[in-house]
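Residue 1 is where the sequence shown starts when you use my numbering, and the numbers rise one by one after that. In this text, a Cβ means the ideal position worked out from N, Cα and C, and glycines have one as well. Everything numeric in this text was worked out from a predicted model, so none of it was measured. Below is one structure, written out as structure tokens, with a few remarks after it.
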Amino acid sequence: MNSQYFSAFAALAGSVIGGFMMLASSWLSQKAQARAAELAHHRTRREELYADFIEVSARLYADALGHNEAELAKLVKLYALIGRMRVLSSPKIVEAAQNVANTIIETYQAPNKTFRDLKGVVNSDAIDPLRAFSETCRDELRISGPLF
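Here it is in structure tokens:
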């Protein structure tokens, strides 16, 4: 009779262990899927934020080339986007965005450019203040893991 109990106990233990392993496997799989979805959502939010910043910055920079005064509402939107980056992005991104904003402010304070003036500047980095920001964003999104 001892061997019968032992066989029954072994079968029961095997079933319990198998069930536990299935449960653990399922739980780990769901946890991994939830984490992947969270990372994808966070990445999408950052991509949208960076695209908005690039769009607003490009418009402001183009305006700054031909005008000496900015519309404050547009500058406020630019700084609001930088504020959102402080929450969602790495310090490198925030620094690059702040450099773009500083360039825009300096451009507003500089003499206006005409279309002929732009011809000489087209191939220099001065015409593309967003290049460093874009490259920093691309590098961060390539990593696409936890930022901090």
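- Task: Go ahead and label Leu141 buried or exposed: buried means 16 or more other beta carbons lie within 10 angstroms of its beta carbon, across all protein chains shown.
- Result: Counting from one through the sequence shown, the residue named residue 141 turns up at place 141. An exposed status is given to Leu141, since fewer than 16 other beta-carbon atoms sit within 10 Å of its beta-carbon.
- Item | Whole-number beta carbon distance between Thr136 and Ala96, since they are thought to touch under 8 Å | Residue numbering aside, residue 96 sits at position 96 when the sequence shown is read from its first letter. Residue numbering aside, residue 136 sits at position 136 when the sequence shown is read from its first letter. About 4 Å separates the two Cβ atoms, so the contact holds.
- Item | Rounded separation between Ser26 and His41 - CA only | On the sequence shown, position 26 is the one that residue 26 refers to. On the sequence shown, position 41 is the one that residue 41 refers to. Distance between the alpha carbons of Ser26 and His41 is about 22 Å.
- Exposure of Phe133, with buried meaning 16 or more beta-carbon neighbours within 10 Å: Translated into the one-based positions of the sequence shown, residue 133 becomes position 133. Flag for Phe133 reads buried.
- Item | Inter-residue Cα distance where the pair is Glu155 and Ala32 | No information on residue 155 is available, as it lies outside the stretch 1 to 148 that the chain covers here.
- Task: Measure the beta-carbon distance from Gly66 to Asn99 and round it to whole angstroms, keeping in mind my assumption that it falls under 8 Å.
- Result: One-based indexing of the sequence shown puts residue 66 at position 66. One-based indexing of the sequence shown puts residue 99 at position 99. Their Cβ separation, rounded to whole angstroms, is 22 Å, which puts Gly66 and Asn99 out of contact at 8 Å.
- Item | Assumed close pair Leu78, Arg46 - CB separation to whole angstroms, cut-off 8 Å | Residue mapping note: residue 78 aligns to position 78 of the sequence shown, counting from 1. Residue mapping note: residue 46 aligns to position 46 of the sequence shown, counting from 1. Between Arg46 and Leu78 the Cβ distance is about 17 Å, and since that is not below 8 Å, they are no contact.
- C-alpha gap between Glu71 and Ile143, whole angstroms: The count along the sequence shown starts at 1 and reaches residue 71 at position 71. The count along the sequence shown starts at 1 and reaches residue 143 at position 143. The alpha-carbon atoms of Glu71 and Ile143 are separated by roughly 36 Å.
- Query: Nearest to Lys92 by CA position, among Ala36, Arg138, Val16, is which residue?
  - Reply: To locate residue 92, count along the sequence shown from 1; it is residue 92. Lys92 has its Cα closest to that of Arg138, out of Ala36, Arg138, Val16.
- Return the residue from the list Arg86, Ala73, Leu130, Arg84 that minimises the CA-CA distance to Val102. Stepping through the sequence shown from its first residue, residue 102 is reached at position 102. A small fix is needed here, since residue 102 is Asn in this sequence, not Val. Residue Leu130 is the option with its Cα nearest to Asn102.
- In chain order, each alpha helix (DSSP H) run of at least 4 residues that lies wholly inside the segment 60-119: You should have 72-88, 91-109.
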